[in-house]
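As you go down the protein sequences, you meet chains U and B in turn. For the first sequence, full-length UniProt numbering assigns the number 1 to the initial residue and increments by one for each residue that follows. For the second sequence, full-length UniProt numbering assigns the number 1 to the initial residue and increments by one for each residue that follows. We put the beta carbon where it would ideally sit given N, CA and C, even for glycine.
Protein chains: 2
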Amino acid sequence: MSGAKAVREDRLWQRHADMARLGGTPKGGVNRQALSDEDAAARNLLASWAKARGFSMFTDAIGNLFVRREGADANALPVMSGSHMDSQPTGGRFDGMYGVLAAFEALEALEDAGVKTKRPVVAVAWTNEEGSRFQPGAMGSAVFAGYYKLDDMLLAKDWDGVVLKDALASTLEAAPAPLRDGKPGFALDGYVEAHIEQGPRLENERKTIGVVTGIQGSRRYIVTTEGEEAHAGTTPRAARKDAFAAATRIAAAMYEATADADDTLRFTIGRVEVQPGSPNTVPGKASFTIDMRHPSNAVLEAHEAKLKDIVAKKAAPCAAAIERVTNVAPTDFDPKVIDLVRAKADALKLTNMDMPSGAGHDAMHIAKLCPAGMIFVPCERGISHNEAENATPADLAAGARVLVEVLEELANR
Amino acid sequence: MSGAKAVREDRLWQRHADMARLGGTPKGGVNRQALSDEDAAARNLLASWAKARGFSMFTDAIGNLFVRREGADANALPVMSGSHMDSQPTGGRFDGMYGVLAAFEALEALEDAGVKTKRPVVAVAWTNEEGSRFQPGAMGSAVFAGYYKLDDMLLAKDWDGVVLKDALASTLEAAPAPLRDGKPGFALDGYVEAHIEQGPRLENERKTIGVVTGIQGSRRYIVTTEGEEAHAGTTPRAARKDAFAAATRIAAAMYEATADADDTLRFTIGRVEVQPGSPNTVPGKASFTIDMRHPSNAVLEAHEAKLKDIVAKKAAPCAAAIERVTNVAPTDFDPKVIDLVRAKADALKLTNMDMPSGAGHDAMHIAKLCPAGMIFVPCERGISHNEAENATPADLAAGARVLVEVLEELANR
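This is the structure in structure tokens:
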């Protein structure tokens, strides 16, 4: 039996349902933020499945969780697949989790089919991909790849001031797995990540498999304005330094400046804070986050200059600043992995199309370490980062079938 | 000795310093929100001072706290003075607290001077004037005056979902005073409230006493926009329903529409909420508060129509709504009380000017029950609702001297 034939659609779907209960929301989504109790519960559940199948498990110093199926050659570098189990605060059941469960399904399918591979095959759940609780996102894979320093990340704070190091310690205590060693990162021979598309193209084009060619670049910023708190009833407009009025001018100008004609630039203000937040006090401080993405670094660079110009020109009489928090360059995946994904989809008679990824993924960091690629499956109406996120059992299984075939071939090279 | 001569500047200043420690902030302001532990501590401290002077104390069912100095005629209606002890989240040491301490100083001064009055004189600390934790503001005086229903107010919730009834019970348990009876409100013969100006006019005109002629009208609104959460990296602009982009368009248009040529209209967006608040998710919901004030009801009415029009026109492709939360009409104070304040300031050789109040005060509700007025003293640079709020010991004492003279005359009518 081939690995692809051993993929079980019902098992994969049931595992999604089991995971969706951990942090499940009344609207059918999940709130399973990085290093929360819900994250710990998801790790425990995955560990219980791994144990039942006799796979070995370990974590590294940033909490990345690895499930390993041995290969014939104990000295061969492993091939790896996975994604993340943390979610947005009002996230869906498939973003990230599908990539972890598809990788685990691949390990099980290889086991069930009695397939021996030369190299070990490892399923991974990366820590804190979303970056909604602790910034920056894709943290676990970035630390693994040496893009961020472990010690810096351990000091990250969430919006309530909780230090990542402490949250990580609690999570690992609740969901124990042996630490591999003090340092994250080890050599890999290949990496393939399965994920829902999080956009509408596969559905619109009626294709089952997205052969992902690369990931657009992304930059994050925080804009802060500072004015002076004052009484809302007594302070004339001319005497005000209203931090939110300044933030509004800046945001309005930014929305306008980023409205490109071909609608390729992605510009999002996602988090907004206004201080002191009292209805009858003129705000003294405001801040908002910017997430900006485009496949071309040059376009990102040009728009960053525009954003800076707007902050400088629109803030008066308040002070304002824009700080770049992250800058992830566009990623091009390995042509051989891209070709392999396409060939396996074709061989399985699954409709497919080449496409770039609009979203960032852990694969962008791992692509610096070894040949890497991604497999997309459709999600309903392209909706993601939303409790209504949805996908079909058949599409999820189709992606897992392509994945196991790709992993088997990579693991025998 | 006259009451005015018995006012002690050092005592009044020391009491401000003592109160400023309760909820004191590192920047020298206070965070003593309504019905918090800090509010309870302030009530306890006032009670200890009242007890030491032999004044009787009681509270009513909304938590208003009364300190009573008896008059010669047990059947005569009392005259009252006071303000509030709750503060903004980042408030100052004088807003509200001055009016309570000036009233208490008046009681002590009458006592020290051995002045007998016909009527009782009552100092009051009204519950929840600020309205920053529980909406609406000026709650205690409004319930006392029958403007809001007690039962409705007891169900108010703060931003964390705490019900006012529970917060009130905890506060009264921590700071006990006998409840007068189930219902708030009792008949009064007169009311005078001392307060810092919270604007720059007295300082600019180099006057010590503001003879307050009335209070401008104020209306509060909540604007909500609703779109659809979506992934910040994959969702094209044309497919977005970005609730914060809609809120920004609406807010920008409102700032423009309320920029009146004579700078009399006060328009403030003070509290802003964006959901889910994740940097890489397109916001699905946003809301903000509006505080709008003007001395003319007709002007408020006209601008309310403009705000509604903006919400209707600028929201697409999101849905949006504007809800009016409060509508307090302009207040005109009693001409006889206004004249009395002016006459006493003149008699004490204190520079003074007639002026309206830009801010709302508890006096606006009590003015419906009995002849009422207010006394303003300068505050530094007009800054209020700000931790930097400041006033001089001499100005505070000057206001208290006018107050005690006015109260003595009212209490002997």
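message: If distances are taken between C-alpha atoms only, which option among B:341, B:261, B:110 and B:44 comes closest to residue 69 of chain B?
response: B:110
field: For residue 166 of chain B, the first and last residue of its enclosing alpha helix (DSSP H)
entry: 164-174
Euclidean distance between Cα positions of residue 124 of chain B and residue 30 of chain U: 50 angstroms
- prompt: Going by alpha carbons, who is nearest to residue 42 of chain B out of B:53, B:24 and B:28?
  reply: B:24
message: Using a Cβ-Cβ cutoff of 8 angstroms, what residues of the segment 203-220 of chain U are near chain B? List them in chain order.
response: 216, 218 and 220
- request: Spatial neighbours of residue 354 of chain U within its chain, please: CB distance less than 6 angstroms, with the 5 preceding and 5 following residues excluded, ordered by chain position.
  value: 211 and 213
- prompt: Interface residues of chain B around residue 249 of chain U at Cβ under 9 angstroms?
  reply: 252 and 255
Unbroken stretches of the alpha helix (DSSP H), 4 residues or longer, contained in the segment 166-240 of chain U: 201-205
field: Candidates B:292, B:279, B:106 and B:387: closest to residue 290 of chain U by CA position
entry: B:279
message: Against chain B, which members of the segment 294-305 of chain U pass a CB distance test of less than 7 angstroms?
response: none
- request: Give a yes or no on whether the minimum CB-CB distance between residue 269 of chain B and chain U is below 7 angstroms.
  value: yes
- prompt: Excluding five sequence neighbours on each side, which residues of the same chain lie with their C-beta closer than 8 angstroms to the C-beta of residue 308 of chain U?
  reply: 322
- prompt: First and last residue of the beta strand (DSSP E) that includes residue 159 of chain U?
  reply: No beta strand (DSSP E) contains residue 159 of chain U, which DSSP labels as neither H nor E.
message: According to DSSP, is residue 7 of chain U part of a helix, a strand, or is it coil?
response: coil
field: For residue 313 of chain B and residue 232 of chain U, the rounded distance between their alpha carbons
entry: 26 angstroms
Sequence-distant residues of the same chain with beta carbon closer than 6 angstroms to residue 352 of chain B, five excluded per side: 207, 209, 211 and 345
query: Secondary structure at residue 413 of chain U, three-state DSSP: helix, strand or coil?
result: coil
field: Alpha carbon of residue 239 of chain B to alpha carbon of residue 243 of chain U, nearest angstrom
entry: 30 angstroms
task: Using a Cβ cut-off of 7 angstroms (strictly closer), state whether residue 278 of chain B contacts chain U.
output: yes
field: Buried/exposed call for residue 141 of chain B, threshold 16 Cβ in 10 Å
entry: buried
query: Counting Cβ pairs closer than 8 angstroms, one from the segment 371-387 of chain U and one from the segment 78-93 of chain U, do we hit at least three?
result: yes
- prompt: Given that a residue counts as buried once 16 or more other Cβ atoms are within 10 Å of its Cβ, and exposed if not, what is residue 285 of chain U?
  reply: buried
- prompt: So, does the CB of residue 232 of chain U fall closer than 7 angstroms to a CB anywhere in chain B?
  reply: yes
- prompt: Taking the C-alpha atoms as reference points, what is the distance between residue 107 of chain U and residue 218 of chain U?
  reply: 32 angstroms
task: Determine the DSSP secondary structure at residue 70 of chain B, reduced to helix, strand or coil.
output: coil
query: Along the chain, where does the beta strand (DSSP E) that runs through residue 364 of chain B open and close?
result: Premise fails: residue 364 of chain B lies in the alpha helix (DSSP H), 363-366, not in any beta strand (DSSP E).
- request: Check whether the Cβ atoms of residue 34 of chain U and residue 128 of chain U sit closer than 7 angstroms, and answer yes or no.
  value: yes
- prompt: Out of curiosity, what's the CA-to-CA distance linking residue 282 of chain B and residue 371 of chain U?
  reply: 32 angstroms
query: For residue 245 of chain U, does the three-state DSSP call read helix, strand or coil?
result: helix
- request: Note down, in chain order, every chain U residue with its Cβ under 7 angstroms from the Cβ of residue 117 of chain B.
  value: Going along chain U, no residue has its Cβ under 7 angstroms from residue 117 of chain B, so there is no contact; the nearest lies around 33 angstroms.
- prompt: CB-CB under 6 angstroms to residue 198 of chain B, same chain, minus the five flanking residues each way: which ones, in chain order?
  reply: 359 and 384
field: Partner residues on chain B for residue 229 of chain U, Cβ-Cβ distance less than 7 angstroms
entry: 90, 385 and 386
query: Taking the beta strand (DSSP E) that residue 383 of chain B falls in, what are its first and last residues?
result: No beta strand (DSSP E) contains residue 383 of chain B, which DSSP labels as neither H nor E.
query: To the nearest whole angstrom, what separates the beta carbons of residue 74 of chain B and residue 6 of chain B, a pair I think is in contact under 8 angstroms?
result: About 24 angstroms separates the two Cβ atoms, so there is no contact after all.
- prompt: Does the beta carbon of residue 236 of chain U come closer than 7 angstroms to any beta carbon on chain B?
  reply: yes
query: By Cβ distance below 7 angstroms, which residues in the same chain neighbour residue 119 of chain B in space, the five residues on each side in sequence not counted?
result: 71, 73, 76, 77, 78, 79, 189 and 411
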